[in-house]
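Numbering (this note's numbering), first residue to last: 1 to 423.
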RNA sequence: GGAGAGGUGGCCGAGCGGCCUAAGGCGCUUGCCUGCUAAGCAAGUGUGGGAGUUUUUCCCACCGAGGGUUCGAAUCCCUCCCUCUCCGCCA
């Protein structure tokens, strides 16, 4: 959530933020108009309340001295009615302003390249070389079923399209990847491992920014109105909702493995084959609560932690900085990590690392007590470390052999009982 | 699902119609003292909002959430949410 005070004092900056994001600016104008009316009405009710409080004190005095106070009481009553009338209008405005503020995207950081869409993202660095195959490489959606280890048909029977069943060594490899990633981040990168709930309340998921604007992307459960998390970021950030942290404890670094559930409502034509885009996938997620002055260093560090997974798996990747037009709603700055996929003959997103600055902390009322005793919002960062399903795809396709088998990357063999090849 | 208890500042906890401008303690900050640390002593320390000033300030709201009663609510009434204990069911 943006800071209404900052918005009021510097509307031009926020208007530019919307323009850079290729978004209409009408919600900004509406907020400014309502905010002005709101402040006028607040001033008015404050004055009326002050008057009423004064009358009340006098009534108390008169009653003590057994004097008639009916005139004052009558006046006080009338003031009460006026207050109520204004309050009705005020709560209407509050509701609307709040909704608009919750719908306002995070302004991009000044370092973010301005651009209209994903074609203007900037490649920052590249690691490894795509493998040159001496044969025609198979796509994972051919290779998996051939091995009898990916089953899209039965998954569709169970749940519909965009679901997948893993079998045998491929299921085991998915589990190995999860453990490998968790071990790396907890043992070498200093993260605290969390196993959080996958069902969260409306309030929790509003804090991270998925609500109120993107409800159609979420699975909602009734009658409890709980949401299946689209990413563990929701649970990890939400953990500290309405809390006051200690400055000395920052940064807090969490890692969690969870499944992620996404309706993929707007993506009917995209990635229709295979398990690149499915409604349920596993992910290991990294989240930081960082000191505001150190959050951009933190973003570099977090991104490097995600990259380290790919380096150890020896999977070629590149890091892309998203331009303003492609930036997610809650992010001030984002690096996407893209892994090489032979089936796409291109790099494909496998991690997205973002600094949301105080955007989520504000929405979630997460603060910390600074050394001078003041309260401030920490910055929150999140990144996949990594999307497990897509990592599995990358291994299948990049490590495949001519006879349709899959070599197991060295670092995963201890997690596979020493197995070297699948198939 | 049933019965009971409870939700008050960063934390613990008192208050149960106007003297609450929320006691007291812990913690935290600063200073003093001090081989270091700890202890001790002193002072300070709630949040949010509005108006003004940009140094000093004034006003309003907030005691789980929302309604209600009242001239006036942390305090009384209603609804809801959450936590804990016990019972039932259950992996």
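Built from N, CA and C at the ideal position, the CB exists for glycine as well. Quick caveat, the model's predicted, so the values are computed rather than measured.
Could you pull the DSSP bridge partners for residue i from this structure?
{"i": "residue 166", "result": "150"}
{"i": "residue 317", "result": "127, 339"}
{"i": "residue 180", "result": "According to DSSP, which records beta bridges pairwise, residue 180 is partnered with nothing at all."}
{"i": "residue 348", "result": "339"}
{"i": "residue 353", "result": "335, 383"}
{"i": "residue 261", "result": "280"}
{"i": "residue 221", "result": "226"}
{"i": "residue 422", "result": "406"}
{"i": "residue 200", "result": "227"}
{"i": "residue 424", "result": "This structure cannot speak to residue 424, because the chain is shown only from 1 to 423."}
{"i": "residue 122", "result": "321"}
{"i": "residue 78", "result": "Answer by DSSP bridge pairing: none, since residue 78 is not bridged."}
Suppose the cutoff is 8 Å on Cβ atoms and the five residues either side in sequence are ignored; what does the same chain contact list for residue i look like?
{"i": "residue 146", "result": "138, 404"}
{"i": "residue 332", "result": "106, 107, 108, 109, 112, 354, 355, 356, 357, 359"}
{"i": "residue 402", "result": "134, 135"}
For residue i, which of the options has the nearest alpha-carbon?
{"i": "residue 1", "options": "90, 68, 101, 96", "result": "101"}
{"i": "residue 406", "options": "148, 325, 202", "result": "148"}
{"i": "residue 234", "options": "255, 185, 31", "result": "255"}
{"i": "residue 150", "options": "157, 171, 130, 160", "result": "171"}
{"i": "residue 415", "options": "296, 17, 181, 204", "result": "181"}
{"i": "residue 259", "options": "142, 251, 349, 219", "result": "219"}
{"i": "residue 345", "options": "420, 136, 336, 91", "result": "136"}
{"i": "residue 142", "options": "54, 231, 275", "result": "275"}
{"i": "residue 217", "options": "47, 231, 265", "result": "265"}
{"i": "residue 130", "options": "394, 366, 382", "result": "394"}
{"i": "residue 246", "options": "221, 239, 377", "result": "377"}
{"i": "residue 231", "options": "250, 262, 225", "result": "262"}
{"i": "residue 411", "options": "389, 313, 295", "result": "313"}
{"i": "residue 55", "options": "67, 371, 77", "result": "77"}
{"i": "residue 361", "options": "408, 374, 240, 320", "result": "240"}
{"i": "residue 511", "options": "186, 221, 227", "result": "Nothing in the structure corresponds to residue 511, since the chain is present only between 1 and 423."}
Is DSSP giving residue i helix, strand or coil here?
{"i": "residue 387", "result": "strand"}
{"i": "residue 256", "result": "strand"}
{"i": "residue 290", "result": "strand"}
{"i": "residue 142", "result": "helix"}
{"i": "residue 329", "result": "coil"}
{"i": "residue 368", "result": "strand"}
{"i": "residue 375", "result": "strand"}
{"i": "residue 45", "result": "helix"}
{"i": "residue 193", "result": "strand"}
{"i": "residue 35", "result": "helix"}
{"i": "residue 334", "result": "strand"}
{"i": "residue 99", "result": "helix"}
{"i": "residue 417", "result": "coil"}
{"i": "residue 285", "result": "strand"}
{"i": "residue 411", "result": "helix"}
{"i": "residue 302", "result": "helix"}
{"i": "residue 172", "result": "helix"}
{"i": "residue 360", "result": "helix"}
{"i": "residue 22", "result": "coil"}
{"i": "residue 210", "result": "coil"}
What distance in whole Å lies between the Cβ atoms of residue j and residue i, which are believed to be in contact at a cut-off of 8 Å?
{"i": "residue 253", "j": "residue 329", "result": "Not quite, the Cβ-Cβ distance comes to about 24 Å (not below 8 Å), so this is no contact."}
{"i": "residue 152", "j": "residue 279", "result": "Wrong, their Cβ atoms sit about 13 Å apart, outside the cutoff."}
{"i": "residue 398", "j": "residue 315", "result": "6 Å"}
{"i": "residue 21", "j": "residue 324", "result": "6 Å"}
{"i": "residue 52", "j": "residue 79", "result": "5 Å"}
{"i": "residue 45", "j": "residue 87", "result": "7 Å"}
{"i": "residue 189", "j": "residue 305", "result": "5 Å"}
{"i": "residue 383", "j": "residue 237", "result": "The pair is not a contact, with the Cβ atoms about 12 Å apart (cut-off 8 Å)."}
{"i": "residue 387", "j": "residue 351", "result": "6 Å"}
{"i": "residue 200", "j": "residue 229", "result": "6 Å"}
{"i": "residue 121", "j": "residue 320", "result": "5 Å"}
Is the beta carbon of residue i within less than 7 Å of some heavy atom of the ligand PLP?
{"i": "residue 90", "result": "Of ligands this structure carries none, so the ligand PLP is not represented either."}
Leaving out five residues on either side along the sequence, give the residues of the same chain with a beta carbon under 6 Å from the beta carbon of residue i.
{"i": "residue 318", "result": "123, 126, 338, 347"}
{"i": "residue 169", "result": "422"}
{"i": "residue 118", "result": "326"}
{"i": "residue 204", "result": "238"}
Within the same chain, show all residues whose beta-carbon is closer than 7 Å to that of residue i, passing over the 5 residues directly before and after it, in chain order.
{"i": "residue 270", "result": "277"}
{"i": "residue 96", "result": "34"}
{"i": "residue 144", "result": "150, 170, 396"}
{"i": "residue 165", "result": "151, 154, 155"}
{"i": "residue 225", "result": "202"}
{"i": "residue 27", "result": "100, 103, 104"}
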